[in-house]
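Participant: Per the working numbering, the very first residue in the sequence shown carries number 1; after that it's consecutive. Yeah, the Cβ is synthetic: ideal placement off N, Cα and C, and Gly gets one too. This structure is a prediction, so every number in the text was calculated from the model and none was measured. Could you have a look at this structure, given as structure tokens, before my questions?
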Amino acid sequence: HASTDQTTEIKSINVVFKNVDAKAAETIKQMVDNYLQMKDALAADKATDAATAAKKLASSVASL
């Protein structure tokens, strides 16, 4: 591929939900955080950390 000096502006879209239940939003945030911890632990081959994060993820899913 040929190299070019052109740059392209990428626009970011930020979505704001105004009518979201605060408890549901916090639970979803916890779910995402726990999922990312589990994913990172699995990628780093840290089974114990992945299992801990998976248990937290299951707990947060159950509370939704």
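Looking at Ala24: is its Cβ nearer than 8 Å to the Cβ of Leu64?
Facilitator: Residue mapping note: residue 24 aligns to position 24 of the sequence shown, counting from 1. Residue mapping note: residue 64 aligns to position 64 of the sequence shown, counting from 1. A contact, by the Cβ cut-off of 8 Å.
Participant: Distance check for Ile28 and Asp21, CA to CA, integer angstroms please.
Facilitator: Taking the first residue of the sequence shown as position 1, residue 21 is located at position 21. Taking the first residue of the sequence shown as position 1, residue 28 is located at position 28. Their Cα atoms are separated by approximately 11 Å.
Participant: Any idea what DSSP makes of Thr8, helix, strand or coil?
Facilitator: By one-based count along the sequence shown, residue 8 stands at place 8. In the structure shown, Thr8 sits in coil (DSSP, three-state: anything other than H, G, I, E or B).
Participant: Should Ser60 go down as buried or exposed, given a rule of 16 or more other Cβ atoms within 10 Å for buried?
Facilitator: Within the sequence shown, the letter at position 60 stands for residue 60. It is buried - the Cβ of Ser60 has at least 16 other Cβ atoms within 10 Å.
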